[in-house]
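Some notes on the structure that comes next.
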Amino acid sequence: MDPAQSPESKAAQQKFSSMLGAWTGVCRTWFQPGVLADESPIEGRFFRNLPGEFLRHQYTSSLNGKPRSGEETLIFNSITKRFECVWMDTFHMNYAIMFSDGEATEDGWFVVGSYDVAADTPRWGWKTVYQIVEEQRLQITAYNVSPEGQSDKAIELVYTRRRAS
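Whatever position you read off the sequence shown (first residue = 1), add 3 for our numbering.
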């Protein structure tokens, strides 16, 4: 059987298809546990990238009044049966590209990657949870994971599907 035709691949592509289009919402950012540092409007769109099953997410927002933008490219790896993501943006990942991978959940999926803080310093983890709340609502929540394993909310993005005008 072609791995791209597996039940897992088809379910992943259904999730991706449900996200296609333009979205608007709010992005909340925390730098310290429990202390909201910023809440800003965000605009994003999900579209197919390249032939095949890639999904691209581009977004623009601000952080503490300064413009911020970024993008992710996502795919479900039909061989490993895992979701994969590459992410870069103008604030969090402005010096490298983060690669993450993870598993399906009932209402979406999660991916886990890691990033460098400084030379000769242990890498920190970054877990991103994609939750399709309903047809018109999507939530993306990211957690910083310290080298010791402590997980704290870093970003919460709540999207509502933008209505066609």
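A virtual CB, placed ideally from N, CA and C, is assigned to each residue, including glycine. Note that the structure is predicted; figures quoted are calculated from it, not measured.
Selection from the options that minimises the alpha carbon distance to residue i
i	options	result
I33	S154, R166, R164, S12	Here residue 33 turns out to be Trp, not Ile, going by the sequence shown. Measuring from the Cα of W33, the nearest candidate turns out to be S154.
R164	G47, Q61, I158	G47
F49	T76, P36, S65	T76
M91	F79, V148, G116	G116
F19	L39, F57, A167	F57
A157	T27, R59, L39, E11	L39
Chain-order list of residues whose beta-carbon lies under 6 Å from that of residue i (same chain, five-residue window excluded)
i	result
V132	F113, T144
Coarse secondary structure for residue i, derived from DSSP in three states
i	result
A99	coil
E137	strand
Q61	strand
Q16	helix
8 Å CB neighbourhood of residue i in its chain, flanking five on each side removed
i	result
T93	P70, R71, S72, G73
I100	V89, W90, M91
Residue environment, residue i, which counts as buried when at least 16 other CB atoms sit within 10 Å
i	result
Y162	buried
F86	buried
L141	buried
Neighbour flag for residue i against chain D, beta carbons, 9 Å
i	result
P10	No chain D appears in the structure shown, which is made up of a single protein chain.
Cβ-Cβ separation, residue j to residue i (assumed contact under 8 Å), whole Å
i	j	result
S9	S43	At roughly 39 Å, the Cβ-Cβ gap does not stay under 8 Å, so S9 and S43 are not in contact.
E138	S12	Not a contact, Cβ separation roughly 22 Å.
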